[in-house]
Amino acid sequence: MKLLKWILPAGLMVLAASLMLYAAKTDGMSVLTGKQAFSTTASLKPGVAHKITAKDLPKPGETPSGNTPGGRGAVRPPDAMPQAPAGFKVSIYVGEGLTNPRQIRTAPNGDYFVADTGGGAVRVFRGITADGKPQQSSEFAKLPAAFGINFYPPGPNPQWVYVTNTSTLVRFAYKNGDLKATGAPETLISDIPAGGGHSTRDIVFSKDGKSLFLAVGSASNNDDNEREVHRANILEYTPEGKYVGIYASGIRNPVGLAINPDTGELWTSINERDTYGDNLVPDYVTHVERGGFYGWPWYYIGGNYDPKHQGKHPELKDKVIVPDVLVQPHSASLGMAFYDGKQFPKEYSGDAFAAEHGSWNHAAGSGHEVIRIPLEKGKASGVYQDFLTGFATNGVTWGRPVGIAVAGDGSLLVTDDGARVIWRVAYTGK
Numbered sequence: 002m003k004l005l006k007w008i009l010p011a012g013l014m015v016l017a018a019s020l021m022l023y024a025a026k027t028d029g030m031s032v033l034t035g036k037q038a039f040s041t042t043a044s045l046k047p048g049v050a051h052k053i054t055a056k057d058l059p060k061p062g063e064t065p066s067g068n069t070p071g072g073r074g075a076v077r078p079p080d081a082m083p084q085a086p087a088g089f090k091v092s093i094y095v096g097e098g099l100t101n102p103r104q105i106r107t108a109p110n111g112d113y114f115v116a117d118t119g120g121g122a123v124r125v126f127r128g129i130t131a132d133g134k135p136q137q138s139s140e141f142a143k144l145p146a147a148f149g150i151n152f153y154p155p156g157p158n159p160q161w162v163y164v165t166n167t168s169t170l171v172r173f174a175y176k177n178g179d180l181k182a183t184g185a186p187e188t189l190i191s192d193i194p195a196g197g198g199h200s201t202r203d204i205v206f207s208k209d210g211k212s213l214f215l216a217v218g219s220a221s222n223n224d225d226n227e228r229e230v231h232r233a234n235i236l237e238y239t240p241e242g243k244y245v246g247i248y249a250s251g252i253r254n255p256v257g258l259a260i261n262p263d264t265g266e267l268w269t270s271i272n273e274r275d276t277y278g279d280n281l282v283p284d285y286v287t288h289v290e291r292g293g294f295y296g297w298p299w300y301y302i303g304g305n306y307d308p309k310h311q312g313k314h315p316e317l318k319d320k321v322i323v324p325d326v327l328v329q330p331h332s333a334s335l336g337m338a339f340y341d342g343k344q345f346p347k348e349y350s351g352d353a354f355a356a357e358h359g360s361w362n363h364a365a366g367s368g369h370e371v372i373r374i375p376l377e378k379g380k381a382s383g384v385y386q387d388f389l390t391g392f393a394t395n396g397v398t399w400g401r402p403v404g405i406a407v408a409g410d411g412s413l414l415v416t417d418d419g420a421r422v423i424w425r426v427a428y429t430g431k
């Protein structure tokens with residue numbers, strides 16, 4: 002307490018300075034708060050910002066728990082396109098040849114590696130022509146249910162491409178410019194927990210290259226049985242595949258991982274639990290603390306008990322970390338990336354983007370967008386902004402964003418496993 006008294010004045014000054022910086026980032030945004038911050042797919046508009054806080058959450062069952070099978074996507078009408086804020090142009094970068102495009106990562110040399118999960122392959126696209134299409138493309142390797150992709154060591158000259166599927170992590174020998182694997186994959190981890198739900202397994206390396214982080218979602222909605230051992234965790238390994246330990250826990254389904262290039266912090270994009278109402282429990286995007294516990298399955302968004310587990314593990318209640326940015330429940334937050342390009346206006350520099358895939362568990366439908374998370378010196382204020390919307394026509398959704406990558410020219414590439422395309426979002430100022 003004495004220490005708190007000494008640091009409080011300085012802390013207040015830092016807080017005041019941070020609030021002024023956040024205000025600069027969010028100037029001009031229409032920020033919705035309280036009950037107005039919650040949304041449906043039909044209500045989304047580019048440029049509108051939301052701030053959901055823990056105190057805004059309804060009680061379990063207070064709002065209906067809807068079911069929207071159509072939210073899984075219909076065929077995209079030929080002239081249907083997503084919408085972005087004024088000054089941005091949306092086009093199709095890859096419009097054919099993809100079965101189920103999921104994660105996308107930019108290689109150090111500027112090539113784009115895409116996990117075509119349903120197609121059982123990793124594909125590579127190179128360059129952007131004057132009309133916004135790839136200059137070259139190739140199938141890099143066959144791999145059933147491929148999802149996570151990353152390059153090692155970090156930096157300009159990787160020697161390996163790492164790829165995951167649900168139960169296995171492999172790596173391929175690689176040098177800049179390879180469009181096809183030059184040899185068989187080497188298996189580093191063969192026992193990633195699998196079975197039940199949540200089959201994606203994303204991977205990133207720490208900025209110093211010493212740690213490999215592997216995201217493993219839960220087997221269930223909110224069970225706490227033996228099937229959940231090493232599930233709902235971000236696991237840490239060495240780059241050679243030796244298990245180090247649980248980096249963070251209580252994270253129901255951490256589909257997307259990313260390292261903030263400015264701070265070196267690990268971030269994740271989360272699918273939270275279902276069936277407690279259209280506006281409960283929020284999905285979220287957050288930086289991840291080593292040893293952090295985020296609540297699942299016993300708690301959510303701080304010390305809120307999951308009704309299924311009322312009274313269990315009271316010793317953990319005060320240890321639950323409240324995430325940085327709460328997102329509309331059942332948006333199904335998937336891939337994420339930090340904007341380190343030069344094309345977008347300067348206020349986008351260092352911001353995060355996350356793909357909201359859309360879910361079944363909302364009466365009117367939620368998600369189906371890409372969100373922007375304004376950051377100042379790597380810190381979030383809790384605000385997120387609708388950036389890429391319009392993945393529905395006449396109330397029928399046809400698009401489902403999954404992965405996000407920053408292209409070499411500074412545009413944003415977004416995979417869409419509903420429309421089976423890769424979108425390109427470029428800033429033209431027009």
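Here our numbering is used: the first residue of the sequence shown is 2, the next is one more, and so on. By construction, the Cβ of each residue, glycine as well, lies at the ideal position given by its N, Cα and C atoms.
DSSP three-state call for residue i: helix, strand or coil?
{"i": "residue 336", "result": "strand"}
{"i": "residue 44", "result": "helix"}
{"i": "residue 264", "result": "coil"}
{"i": "residue 160", "result": "coil"}
{"i": "residue 246", "result": "strand"}
{"i": "residue 274", "result": "coil"}
{"i": "residue 37", "result": "helix"}
{"i": "residue 106", "result": "strand"}
{"i": "residue 288", "result": "strand"}
{"i": "residue 414", "result": "strand"}
{"i": "residue 27", "result": "helix"}
{"i": "residue 387", "result": "strand"}
{"i": "residue 51", "result": "strand"}
{"i": "residue 181", "result": "coil"}
{"i": "residue 72", "result": "Because the pLDDT of residue 72 is 49, which lies under 50, any placement of that residue in the model is unreliable, and the number read from its coordinates should be weighed accordingly. It is helical."}
{"i": "residue 227", "result": "helix"}
{"i": "residue 12", "result": "Here the model assigns residue 12 a pLDDT of 40, short of 50, so the residue's position is not dependable and the matter cannot be decided."}
{"i": "residue 295", "result": "coil"}
{"i": "residue 377", "result": "strand"}
{"i": "residue 317", "result": "helix"}
Which partner residues does residue i have in the DSSP bridge list?
{"i": "residue 92", "result": "425"}
{"i": "residue 305", "result": "301"}
{"i": "residue 237", "result": "214 and 246"}
{"i": "residue 398", "result": "393"}
{"i": "residue 206", "result": "213"}
{"i": "residue 257", "result": "270"}
{"i": "residue 372", "result": "355 and 387"}
{"i": "residue 343", "result": "The partner list for residue 343 (beta bridge, DSSP) is empty, contrary to what the question assumes."}
{"i": "residue 188", "result": "171"}
{"i": "residue 153", "result": "161"}
{"i": "residue 81", "result": "Looking at the DSSP assignment, residue 81 forms no beta bridge with any residue, so it has no partner."}
{"i": "residue 408", "result": "According to DSSP, residue 408 bridges with nothing at all."}
{"i": "residue 349", "result": "According to DSSP, residue 349 bridges with nothing at all."}
{"i": "residue 327", "result": "53 and 285"}
On a Cα-Cα basis, can you pick out the residue from the options that is closest to residue i?
{"i": "residue 75", "options": "404, 421, 407 and 398", "result": "398"}
{"i": "residue 402", "options": "153, 245, 98 and 371", "result": "371"}
{"i": "residue 256", "options": "207, 203, 126 and 299", "result": "203"}
{"i": "residue 377", "options": "395, 247 and 350", "result": "350"}
{"i": "residue 393", "options": "380, 408, 365 and 382", "result": "365"}
{"i": "residue 222", "options": "421, 300 and 239", "result": "300"}
{"i": "residue 45", "options": "289, 35 and 31", "result": "31"}
{"i": "residue 263", "options": "307, 339 and 320", "result": "339"}
{"i": "residue 279", "options": "42, 229, 92 and 27", "result": "42"}
{"i": "residue 142", "options": "232, 125, 89 and 80", "result": "125"}
{"i": "residue 66", "options": "56, 107 and 363", "result": "363"}
{"i": "residue 121", "options": "145, 115, 110 and 103", "result": "145"}
{"i": "residue 291", "options": "283, 302 and 269", "result": "269"}
{"i": "residue 218", "options": "226, 234, 184 and 355", "result": "234"}
Assign residue i to one of two classes, buried (16 or more other C-beta atoms within 10 Å of its C-beta) or exposed (fewer than that).
{"i": "residue 314", "result": "exposed"}
{"i": "residue 94", "result": "buried"}
{"i": "residue 387", "result": "buried"}
{"i": "residue 15", "result": "Since pLDDT at residue 15 reaches only 40, below the 50 mark, its modelled position is unreliable, and the value read off the structure follows with that caveat. Residue 15 is exposed by the Cβ-count criterion."}
{"i": "residue 418", "result": "buried"}
{"i": "residue 37", "result": "exposed"}
{"i": "residue 465", "result": "The question about residue 465 has no answer, for the chain in this structure spans 2 to 431."}
{"i": "residue 52", "result": "buried"}
{"i": "residue 83", "result": "buried"}
{"i": "residue 191", "result": "exposed"}
{"i": "residue 287", "result": "buried"}
{"i": "residue 311", "result": "exposed"}
{"i": "residue 324", "result": "buried"}
Mind checking if residue i is an interface residue toward chain B, Cβ cutoff 7 Å exclusive?
{"i": "residue 31", "result": "The structure shown has no chain B; it contains just one protein chain."}
(message) Quick check for students: name the residue ranges of the beta strand (DSSP E) that lie wholly in the region 115-149, counting only runs of 3 or more.
(response) 122-127 and 137-143, all fully within the region 115-149.
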